[in-house]
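Engineer: Shown below is the structure under consideration.
Protein chains in written order, with my numbering: chain B, 6 to 90; chain W, 179 to 769.
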């Protein structure tokens with residue numbers, strides 16, 4: 006799980022992209038969206054959907070489910086762990 | 179200081195119009211079909227447009243060939259389909275009267291409204307843009323066909339393009355720069371745009387349902403429309419419809435998501451009714467009404483802000499789908515015809531109110547006895563526009579061009595250097611390429627800004643230039659609606675267009691990126707600048723053949739805004755980026 010969390014942090018940095026941020030600076034439990042944490046927005050959410058498809062072959066069809074899954078790096082990791090092929 | 183004096187007031191009338199869509203090749207056919215509840219939105223199964231079936235409203239080329247002969251008589255090797263459709267639309271619109279001299283007159287201006295023009299040409303070569311892919315080339319060709327004497331004005335400002343093009347026409351005609359404006363709007367259905375909107379998950383599987391509780395996205399459409407506006411007395415007929423005035427604004431909130439409050443569109447609507455000492459009312463609003471969750475929600479709030487919830491609210495998207503750069507113009511043609519005939523269609527697709535503010539959605543097709551309609555549009559980049567259309571000429575006025583604005587500051591970026599007031603303020607000559615240079619230049623003047631690395635190169639260039647410009651002068655005297663932002667470019671967003679086209683050339687896996695697609699609208703740079711500096715006032719995004727033409731058109735428009743109290747301050751800039759070649763030149767103009 007630890008390794009998966011680090012992998013996801015790295016993909017977020019590369020795919021969104023997030024400049025001047027190292028994986029160590031991303032708190033796996035902190036909210037990804039809104040004013041706290043990384044402060045991501047709705048386009049980033051769509052890009053995370055693409056990242057999951059490209060990197061892990063996981064498709065998220067329901068945008069409402071995405072909201073919960075994308076709440077933090079560890080919630081994404083938990084979902085990937087459960088659903089990856 | 180030379181002052182141009184205008185004495186007689188000007189009124190701007192619609193002289194003639196045309197729509198080409200699946201619903202017909204004339205204004206009359208389109209209007210009657212909409213009145214009869216006919217929708218052009220149909221299942222589309224064409225893998226050259228999208229890998230899976232979707233719904234769209236498409237122009238039937240055979241129908242156009244049959245009804246407007248010029249469409250097929252033009253050589254398709256010389257003119258693209260969109261150019262032929264535009265020429266057909268203007269030809270049909272002007273066929274009812276003697277427009278030969280007017281079209282060729284030095285007192286006539288051609289104004290184009292398009293988001294992507296001939297972007298289809300990138301399918302043939304997605305590494306280097308062909309000449310025809312430049313929007314100014316397309317406009318020159320179409321205007322040239324009619325013998326136009328003036329360099330055309332091209333508005334490319336996402337979904338508000340069609341409304342803004344008419345506003346530019348109204349203002350230039352009332353400033354007596356021209357007597358007649360041929361306003362042409364058009365965009366085609368292409369894989370480029372369909373894949374982009376699909377990547378945003380904003381396309382519905384059902385025909386769109388504006389303002390409805392079950393709405394879940396838009397329907398794609400294509401269309402070409404023309405309105406000829408004129409101050410010439412020969413169009414003074416009892417049936418004439420007038421464009422009175424209008425306004426634009428920016429949400430300064432997000433580049434793709436609309437305002438949370440609707441305050442900014444509400445401000446544009448109020449300004450369309452109340453600027454220049456006039457205090458108009460309206461009997462109805464024909465809004466953008468795309469049927470996406472957030473657009474319609476925002477519009478209901480805006481209508482609440484403008485105090486117009488009791489007025490009839492109409493969306494025409496259920497008939498035509500979202501015709502992008504044509505939509506504002508095409509839908510105005512229907513409104514003008516409705517005012518003339520005292521009839522209007524209903525909001526097709528609507529059945530149960532599903533927006534937070536209780537707006538009065540028009541549900542019946544039939545009689546409409548109002549004297550005026552506000553037409554609005556909102557789009558990516560946070561832009562909003564509103565114009566007032568009416569049956570009478572009340573409140574006619576003339577705009578002044580004083581040409582006595584002051585240049586408060588200037589910033590240019592070229593050849594790895596940033597200059598303010600002509601002096602080098604940042605030397606990036608040691609930087610390896612544009613990417614490292616612009617990053618260093620921005621870092622030199624600003625704290626880290628999370629949005630910056632996500633921008634495309636065109637936006638980075640524009641945002642960096644304005645960042646330097648902004649520090650050069652005091653901005654505390656203007657409120658957020660008193661500063662205008664006017665930008666022109668030559669290559670528009672072609673650099674990012676190529677990236678999007680390259681990404682959709684990969685079919686397995688077929689995963690278009692919304693973060694790339696959003697930057698294929700060149701007015702996104704306006705959105706980024708507005709967010710950064712909280713600019714909510716007038717916005718304009720033009721495409722011009724070169725910097726000299728851009729500065730001519732932009733300075734004239736800034737003059738018009740400043741001299742007629744539409745803005746106290748204008749940030750005016752030429753910015754261009756294409757495949758590593760770049761230039762930005764911004765001015766801060768004040769009264």
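Cβ atoms here follow ideal geometry from the backbone N, Cα and C, with glycine treated the same way.
In this text, all values refer to a predicted model and were calculated from it rather than measured experimentally.
Which two residues bound the contiguous beta strand (DSSP E) that contains residue 239 of chain W?
Structural biologist: First-last for residue 239 of chain W: 239–245, but that is the alpha helix (DSSP H), not the beta strand (DSSP E).
Engineer: Just verifying my parser: in three-state terms, what is the DSSP assignment at residue 540 of chain W?
Structural biologist: coil
Engineer: Would you list, in chain order, the members of the segment 60–71 of chain B that have their beta-carbon closer than 8 Å to a beta-carbon of chain W?
Structural biologist: Cβ contacts with chain W: 68.
Engineer: Output, in chain order, the set of chain W residues within a Cβ distance shorter than 9 Å of residue 44 of chain B.
Structural biologist: 628
Engineer: At a Cβ threshold of 8 Å, is residue 106 of chain B touching chain W?
Structural biologist: Residue 106 of chain B lies beyond the range of chain B shown here (6 to 90); nothing can be said about it.
Engineer: I'd like to know whether the C-beta atoms of residue 754 of chain W and residue 668 of chain W end up nearer to each other than 8 Å.
Structural biologist: yes
Engineer: Pick helix, strand or coil for residue 183 of chain W, following the three-state DSSP scheme.
Structural biologist: With a pLDDT of 42 at residue 183 of chain W, under the threshold of 50, the predicted position of this residue should be treated as unreliable, though the coordinate-derived value follows. Residue state, collapsed to three classes: coil.
Engineer: For residue 363 of chain W, write down the residues that DSSP places opposite it in a beta bridge.
Structural biologist: Its beta-bridge partners are W/291 and W/403.
Engineer: Among W/330, W/338 and W/337, whose alpha-carbon lies nearest the alpha-carbon of residue 356 of chain W?
Structural biologist: W/330
Engineer: At the level of alpha carbons, what is the spacing between residue 231 of chain W and residue 220 of chain W?
Structural biologist: 10 Å
Engineer: Is residue 747 of chain W helix, strand or coil by DSSP?
Structural biologist: strand
Engineer: Compute the beta-carbon to beta-carbon distance between residue 446 of chain W and residue 562 of chain W, rounded to the nearest angstrom, for a pair I have assumed lies under 8 Å.
Structural biologist: 5 Å
Engineer: Measuring only the C-alpha atoms, how far is residue 391 of chain W from residue 474 of chain W?
Structural biologist: Distance between the alpha carbons of residue 391 of chain W and residue 474 of chain W: 11 Å.
Engineer: When the cut-off is 8 Å and only beta carbons count, does residue 432 of chain W lie next to chain B?
Structural biologist: Yes, its Cβ sits closer than 8 Å to a Cβ of chain B.
Engineer: From residue 248 of chain W to residue 257 of chain W, what distance separates their C-alpha atoms?
Structural biologist: 12 Å
Engineer: Between the Cα of residue 537 of chain W and the Cα atoms of W/290, W/268 and W/483, which residue gives the shortest distance?
Structural biologist: Per the Cα distances, W/483.
Engineer: Given this structure, state the Cα-to-Cα distance separating residue 386 of chain W from residue 346 of chain W, to the nearest angstrom.
Structural biologist: 30 Å
Engineer: Just grab the DSSP bridge partners of residue 386 of chain W for me.
Structural biologist: Partner(s): none; residue 386 of chain W has no beta bridge.
Engineer: What does a CB cutoff of less than 8 Å around residue 41 of chain B pick up in its chain, not counting 5 residues either side in sequence?
Structural biologist: The beta carbon of residue 41 of chain B sits closer than 8 Å to those of 35, all from its chain and outside the five residues before and after it, given in chain order.
Engineer: Quick check on residue 545 of chain W: does DSSP put it in helix, strand or coil?
Structural biologist: strand
Engineer: Tell me, please, whether the segment 740–747 of chain W touches the segment 595–602 of chain W by the rule of three or more beta-carbon pairs shorter than 8 Å.
Structural biologist: Because the criterion of three Cβ pairs below 8 Å is not met, the segment 740–747 of chain W and the segment 595–602 of chain W do not touch.
Engineer: My output table needs one value for residue 615 of chain W: the three-state DSSP class, helix, strand or coil.
Structural biologist: Three-state DSSP puts residue 615 of chain W in a helix.
Engineer: So, is the C-beta of residue 22 of chain B closer than 8 Å to a C-beta in chain W?
Structural biologist: yes
Engineer: When DSSP labels each residue in this structure, what does residue 691 of chain W get in the three-state scheme?
Structural biologist: coil
Engineer: Look up residue 559 of chain W in the DSSP assignment and say whether it is helix, strand or coil.
Structural biologist: coil
Engineer: Excluding five sequence neighbours on each side, which residues of the same chain lie with their C-beta closer than 8 Å to the C-beta of residue 615 of chain W?
Structural biologist: 594, 606 and 609
Engineer: Check whether the Cβ of residue 47 of chain B lies closer than 8 Å to any Cβ atom in chain W.
Structural biologist: yes
Engineer: Let's see if you can read the secondary structure: which residues bound the alpha helix (DSSP H) around residue 458 of chain W?
Structural biologist: According to the DSSP assignment, residue 458 of chain W belongs to no alpha helix (DSSP H), since it is labelled neither H nor E.
Engineer: Kindly examine the ligand GTP and report whether one of its heavy atoms sits closer than 7 Å to the Cβ of residue 407 of chain W.
Structural biologist: The ligand GTP is not part of this structure, which contains no ligands at all.
Engineer: Assess, as a yes-or-no matter, whether the segment 652–659 of chain W is touched by the segment 50–67 of chain B under the definition of 3 or more beta carbon pairs within less than 8 Å.
Structural biologist: no
Engineer: Could you list which residues in chain B have their beta carbon closer than 9 Å to that of residue 377 of chain W, in chain order?
Structural biologist: 51 and 55
Engineer: For chain B, find out if any of its Cβ atoms is closer than 8 Å to the Cβ of residue 382 of chain W; answer yes or no.
Structural biologist: no
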